[in-house]
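Asks: The letter at position 57 of the sequence shown is residue 393 when you use our numbering, and the numbering goes up by one with no holes.
Sending over a structure as structure tokens; questions will come in a sec.
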Amino acid sequence: MTLRLRGSFGLAWLLGCASLLAPSVAEAQDKAQFLVSDPGDFDFTPLVHSEIAQAAADDQPPGTDNQPVTVTPGESTAAEEGSLAKAAQNPIASLISLPIQWNSTPNTQWAPNLLDPKAKQNQTQNVVNVQPVVPFKVSDDLTLVTRTIVPFISQPWAQGTSIQALGDINPSVFIVPTLKGNFTVGVGPTVVLPTATDSRLSSGKWSAGPSAVLVYTKGKIVAGGLINNVWSFAGDGKRNDVNKMLIQPFLNYNLPKGWYLTSSPIITANWNTPDNKGWTVPVGAGFGRVFVLGKQPINASLSAYYNAIKPEVAGETLMGDWTLRAQVQFLFPTGG
Numbered sequence: 337m338t339l340r341l342r343g344s345f346g347l348a349w350l351l352g353c354a355s356l357l358a359p360s361v362a363e364a365q366d367k368a369q370f371l372v373s374d375p376g377d378f379d380f381t382p383l384v385h386s387e388i389a390q391a392a393a394d395d396q397p398p399g400t401d402n403q404p405v406t407v408t409p410g411e412s413t414a415a416e417e418g419s420l421a422k423a424a425q426n427p428i429a430s431l432i433s434l435p436i437q438w439n440s441t442p443n444t445q446w447a448p449n450l451l452d453p454k455a456k457q458n459q460t461q462n463v464v465n466v467q468p469v470v471p472f473k474v475s476d477d478l479t480l481v482t483r484t485i486v487p488f489i490s491q492p493w494a495q496g497t498s499i500q501a502l503g504d505i506n507p508s509v510f511i512v513p514t515l516k517g518n519f520t521v522g523v524g525p526t527v528v529l530p531t532a533t534d535s536r537l538s539s540g541k542w543s544a545g546p547s548a549v550l551v552y553t554k555g556k557i558v559a560g561g562l563i564n565n566v567w568s569f570a571g572d573g574k575r576n577d578v579n580k581m582l583i584q585p586f587l588n589y590n591l592p593k594g595w596y597l598t599s600s601p602i603i604t605a606n607w608n609t610p611d612n613k614g615w616t617v618p619v620g621a622g623f624g625r626v627f628v629l630g631k632q633p634i635n636a637s638l639s640a641y642y643n644a645i646k647p648e649v650a651g652e653t654l655m656g657d658w659t660l661r662a663q664v665q666f667l668f669p670t671g672g
């Protein structure tokens with residue numbers, strides 16, 4: 337089946353992401369000048385959820401040796417949607433995809449009361465992650481899977497305003513060997529680039545570290561986890577060093593006709609936070625479905641996560657209690 341990204345549909349999503357770069361930053365900077373004279377004086381990065389999003393979509397049935405995902409000519413729509421749904425939960429399968437994910441955290445406070453005594457938990461943080469996944473078949477025994485996270489951030493700021501900017505970009509490369517059985521593994525480097533268009537939403541540092549993924553697929557279950565840790569090695573000497581870990585367990589239960597249940601919380605730890613108070617631990621779940629729009633397979637999901645443990649900034653937890661996640665993912669299996 338020949339697959340094409342529907343121009344108007346995809347363009348609407350990308351324009352929505354780009355709209356976060358609207359020039360409303362200057363007003364926020366002026367109003368906050370009396371509180372923070374230098375962006376380096378206060379680290380806002382604990383509030384920015386620009387880490388890895390839900391596992392990228394793939395169509396890898398159990399024990400298929402991580403071969404490129406295909407669609408069988410003449411396959412029924414129900415069978416196609418069901419097989420793509422099962423595969424859409426493996427972050428390192430051999431399938432090109434374009435996930436666009438929106439994370440919204442209402443009831444967020446822009447800064448601790450130490451900086452702004454009038455600050456309240458009455459604003460909403462929004463992060464849209466565009467995450468292209470592209471595999472490269474090196475040989476029958478090895479595949480390279482690249483994933484790049486490009487975050488567009490709307491961050492609460494002083495007096496009810498917000499900062500809208502491109503965040504720090506996070507590319508990763510996974511080396512995926514061909515294995516028999518139900519397990520898929522991938523290891524490789526991940527890098528965080530200080531690309532944010534507003535310095536208040538950037539670490540100001542070049543960071544890198546190892547990343548690993550383990551995926552188990554059997555029957556209706558796709559489960560596994562991703563872990564990485566990055567350390568800063570260059571950048572603005574006036575900014576804090578980076579030492580952060582990310583753990584993303586995921587569990588998916590696939591239902592008939594492309595439907596599935598999913599849980600994929602993003603757990604983070606900032607090791608440089610005093611008294612070990614830099615953890616974010618969400619708990620939650622959601623549902624999704626893979627369907628075909630025209631000839632374009634799409635994976636859509638909706639989930640909610642309760643932030644059971646939140647990082648402290650100047651003795652306060654500024655993040656809202658709940659984060660809502662919505663994702664639309666364009667899938668590009670091979671076949672015709």
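Idealized CB from N, CA, C, for every residue including glycine.
Quick test of your reading: G522 and V474, contact by CB under 8 Å. State the CB separation rounded to the nearest angstrom.
Replies: The Cβ separation is near 13 Å, so there is no contact.
Asks: Should Y644 be labelled buried (16 or more other beta-carbon atoms within 10 Å of its own) or exposed?
Replies: First, the amino acid is wrong: residue 644 is Ala here, not Tyr. A644 should be labelled exposed.
Asks: Would you tell me roughly how many angstroms separate the C-alpha atoms of P375 and I436, rounded to the nearest one?
Replies: The predicted position of P375 is uncertain, since its pLDDT is 35 and thus under 50; a value taken from the coordinates is nonetheless stated next. Distance between the alpha carbons of P375 and I436 is about 29 Å.
Asks: When you compare the region 643-661 with the region 436-456, are there three or more beta-carbon pairs, one atom per stretch, that lie closer than 8 Å?
Replies: yes
Asks: Between the Cα of S599 and those of S637, N606 and N576, spot the shortest distance and give me the residue it belongs to.
Replies: S637
Asks: How long is the line joining the alpha carbons of S539 and P525, rounded to whole angstroms?
Replies: For S539 and P525, the distance between alpha carbons rounds to 19 Å.
Asks: Please name the residue in R483, V549 and P492 whose C-alpha comes closest to that of Q445.
Replies: P492
Asks: In chain order, what residues of the same chain lie with their CB nearer than 6 Å to the CB of T609, ignoring the 5 residues before and after it?
Replies: If we look at T609 and ignore the five residues flanking it on each side, it has no Cβ neighbours.
Asks: Of all the options T553, S543 and Q584, which has the alpha carbon lying nearest to the alpha carbon of I563?
Replies: Q584
Asks: Under three-state DSSP, which class holds S535?
Replies: helix
Asks: Within the same chain, show all residues whose beta-carbon is closer than 7 Å to that of G560, passing over the 5 residues directly before and after it, in chain order.
Replies: These residues qualify, in order along the chain: V549, L550, V551, Y552 and F586.
Asks: Could you name the residues that DSSP lists as bridge partners for Q632?
Replies: L629
Asks: Between the Cα of T460 and the Cα atoms of D477, P442, T653 and I485, which residue gives the shortest distance?
Replies: P442
Asks: Using the C-alpha atoms, what's the distance from M581 back to K646?
Replies: Answer to the nearest angstrom: the Cα atoms are 15 Å apart.
Asks: Is G614 helix, strand or coil when you go by DSSP?
Replies: In this structure, G614 counts as coil in the three-state DSSP scheme.
Asks: How big is the Cα-Cα spacing for N612 and V486?
Replies: 28 Å
Asks: For the beta strand (DSSP E) containing K454, list its first residue and its last residue.
Replies: Neither: K454 is in no beta strand (DSSP E) and is coded neither H nor E.
Asks: With distance defined between alpha-carbon atoms, name the residue in L654, K516, T531 and G614 nearest to L502.
Replies: Sorting L654, K516, T531 and G614 by C-alpha distance to the C-alpha of L502 places T531 at the top.
Asks: Could you tell me whether the Cβ atoms of K541 and V578 are closer together than 9 Å?
Replies: Taking 9 Å as the Cβ cut-off, K541 and V578 qualify as a contacting pair.
Asks: Looking at C-alpha atoms only, which residue of P669, Q467 and T520 is the closest neighbour of K631?
Replies: Minimum Cα distance to K631 is reached at P669.
Asks: Nearest to G496 by alpha carbon, out of N590, I505, T514 and Q457?
Replies: Taking only the C-alpha atoms, the option nearest G496 is Q457.
Asks: Can you look up K516 in the DSSP assignment and give me helix, strand or coil?
Replies: coil
Asks: Residue ranges of each alpha helix (DSSP H) run of no fewer than 4 residues wholly in the region 541-621, ordered along the chain?
Replies: none
Asks: Given this structure, state the Cα-to-Cα distance separating L635 from F623, to the nearest angstrom.
Replies: A small correction: the amino acid at residue 635 is Asn; Leu does not occupy that position in the sequence shown. Using only the alpha carbons, I get a separation of about 11 Å.
Asks: In the DSSP assignment, the beta strand (DSSP E) including P442 goes from what residue to what residue?
Replies: Under the DSSP assignment, P442 falls in the beta strand (DSSP E) whose first and last residues are I432 to T444.
Asks: What did DSSP end up calling A501 once you bin it into helix, strand or coil?
Replies: strand
Asks: I'd like the list of long-range same chain contacts for A640, defined as Cβ closer than 7 Å, with 5 residues on each side in sequence excluded.
Replies: Excluding residues within five positions, the ones whose Cβ falls inside 7 Å are G620, G622, W658 and L660.
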